[in-house]
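K.L.:
Chains as they are written, first to last, in our numbering: chain A, 133 to 246; chain B, 15 to 132.
Below is one structure. I have some questions about it.
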């Protein structure tokens, strides 16, 4: 099974500053058949279900603000919030779907306001 | 609007059973694969089961295989999860989610809480 490791576990960022979350997979999630990275990011606010932000490592879901961006390839990925807003306080999860339909989530990164 | 509404959670004793339901609306249910994901209190997300749009392909996480059964009724726009031989470690909020094939989950329900305790 693919293991997804996120870092840091939590971070505090000032409003308007950049937040960077890392996700590392135990094996490559880059599929040679289509040259796509099978990696998604979700945001979960307190008391709410997760919300899909990004898939194929860098494709924003419809309606997601462009301050959210994803990057990386193979085993190392990053979610960046370019200018943190108060409403971005949440836990963020990466998820691989290389082993689809089986999927694995990272442990989550909690983002707070400094 | 896409809506997924789970029901059926509750308090059950170890070894007991529950049947969770997920009512879908706002999209062509029979065209989408569906998944169940759970979240233990204060913990992260754990995928537990998948069912294809027709129901012909099913998969489970090792942690629930042989105890949980996923099914669907496309005529009723409903997804189900039968939970048997429940253990304390199955205590969690159970979410149903629409699968934007391949397994990217683009809509989630609000979840239903299952508590396994004596």
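Even for Gly, the Cβ is constructed at its ideal location relative to N, Cα and C.
Whole beta strand (DSSP E) runs in the region 150-229 of chain A with 3 or more residues, listed along the chain?
P.N.:
As far as the region 150-229 of chain A is concerned, its whole beta strand (DSSP E) runs of at least 3 residues are 151-157, 171-176, 183-187, 200-205, 208-213, 222-228.
K.L.:
What is the DSSP secondary structure of residue 120 of chain B, counted as helix, strand or coil?
P.N.:
Here residue 120 of chain B refers to the residue found at position 106 of the second chain. Strand.
K.L.:
I'd like to know whether the C-beta of residue 239 of chain A is nearer than 8 Å to at least one C-beta of chain B.
P.N.:
Against the first chain, residue 239 of chain A aligns to sequence position 107. Yes, residue 239 of chain A lies at the interface with chain B (some Cβ there is under 8 Å from its Cβ).
K.L.:
Can you grab the Cα-Cα spacing for the pair residue 128 of chain B / residue 180 of chain A, in whole Å?
P.N.:
The residue given as residue 128 of chain B occupies position 114 in the second chain. The residue given as residue 180 of chain A occupies position 48 in the first chain. Roughly 16 Å separates the two Cα atoms.
K.L.:
Could you spell out where the beta strand (DSSP E) holding residue 65 of chain B opens and where it closes?
P.N.:
Walking along the second chain from the start, residue 65 of chain B turns up at place 51. Looking at the DSSP string, the run of the beta strand (DSSP E) that includes residue 65 of chain B is 59-65.
K.L.:
Please classify residue 228 of chain A as buried or exposed, where buried requires at least 16 neighbouring CB atoms within 10 angstroms.
P.N.:
The residue you call residue 228 of chain A lines up with position 96 of the first chain. Classification of residue 228 of chain A: buried, given that the 10 Å Cβ count is 16 or more.
K.L.:
Quick one: is residue 63 of chain B buried, meaning 16 or more other Cβ sit within 10 Å of its Cβ, or exposed?
P.N.:
If you number the second chain from 1, residue 63 of chain B lands on position 49. Answer is buried; the Cβ neighbour count reaches 16.
K.L.:
Does the contact criterion of 3 or more C-beta pairs under 8 Å hold for the region 133-143 of chain A versus the region 189-197 of chain A?
P.N.:
In short, these stretches do not touch, since the Cβ pair count stays below three.
K.L.:
Assign residue 93 of chain B to buried or exposed, taking buried as 16 or more other Cβ atoms, counted over all protein chains shown, within 10 Å of its Cβ.
P.N.:
In the second chain, counting from the first residue as 1, residue 93 of chain B sits at position 79. Buried.
K.L.:
Using the beta-carbon of each residue, which ones in chain A are nearer than 9 Å to residue 64 of chain B?
P.N.:
Numbered from its first residue, the second chain carries residue 64 of chain B at position 50. The answer, in chain order, is 232, 233, 234, 235.
K.L.:
Flag residue 50 of chain B as yes if its beta-carbon sits less than 8 Å from any beta-carbon of chain A, otherwise no.
P.N.:
Translated into the one-based positions of the second chain, residue 50 of chain B becomes position 36. Not an interface residue.
K.L.:
Scan the region 72-104 of chain B and note each continuous beta strand (DSSP E) run of 3 residues or more that stays entirely inside, going in chain order.
P.N.:
With a minimum length of 3 residues, the continuous beta strand (DSSP E) runs that stay inside the region 72-104 of chain B are 72-74, 82-87, 92-97.
K.L.:
Identify the contact partners of residue 224 of chain A in chain B, using a Cβ-Cβ distance below 7 Å as the criterion.
P.N.:
Within the first chain, numbered from 1, the residue matching residue 224 of chain A stands at position 92. In chain order: nothing, as chain B lies at least about 11 Å away.
K.L.:
Mind the definition here: the region 85-105 of chain B touches the region 200-213 of chain A only if three or more C-beta pairs lie below 8 Å; say whether that holds.
P.N.:
Touching, no.
K.L.:
Is residue 218 of chain A closer than 8 Å to residue 147 of chain A when the C-beta atoms are compared?
P.N.:
Here residue 147 of chain A refers to the residue found at position 15 of the first chain. Here residue 218 of chain A refers to the residue found at position 86 of the first chain. Yes, the pair counts as a contact, with Cβ atoms nearer than the cut-off.
K.L.:
Kindly indicate which three-state DSSP category residue 231 of chain A falls into: helix, strand or coil?
P.N.:
On the first chain, residue 231 of chain A is found 99 positions in, with the first residue counted as 1. The answer is coil: DSSP assigns residue 231 of chain A none of H, G, I, E or B.
K.L.:
Any chance the region 22-29 of chain B sits against the region 57-73 of chain B, with 3 or more Cβ pairs inside 8 Å?
P.N.:
They do not touch, by the three-pair rule.
K.L.:
Taking the alpha-carbon positions, what's the residue 75 of chain B to residue 236 of chain A distance?
P.N.:
Numbered from 1 along the second chain, position 61 holds the residue referred to as residue 75 of chain B. Numbered from 1 along the first chain, position 104 holds the residue referred to as residue 236 of chain A. The alpha-carbon atoms of residue 75 of chain B and residue 236 of chain A are separated by roughly 10 Å.
K.L.:
With DSSP as the reference, please indicate the residues paired to residue 237 of chain A in a beta bridge.
P.N.:
Numbered from its first residue, the first chain carries residue 237 of chain A at position 105. Answer by DSSP bridge pairing, in chain order: A:227.
K.L.:
Look up residue 142 of chain A in the DSSP assignment and say whether it is helix, strand or coil.
P.N.:
For the purposes of this step, residue 142 of chain A is identified with residue 10 of the first chain, where counting begins at 1. Residue state, collapsed to three classes: strand.
K.L.:
With 8 Å set as the bound, which would you pick, yes or no: does the beta-carbon of residue 182 of chain A sit closer than that to a beta-carbon of chain B?
P.N.:
Looking up residue 182 of chain A in the first chain gives position 50. Chain B, which has a Cβ nearer than 8 Å to the Cβ of residue 182 of chain A, makes this yes.
K.L.:
So, is residue 56 of chain B buried or exposed, given that buried needs 16 or more other C-beta atoms within 10 angstroms?
P.N.:
As a first step, residue 56 of chain B is located in the second chain; it is residue number 42 there, counting from the start. The residue in question, residue 56 of chain B, is exposed, as its Cβ has fewer than 16 Cβ neighbours within 10 Å.
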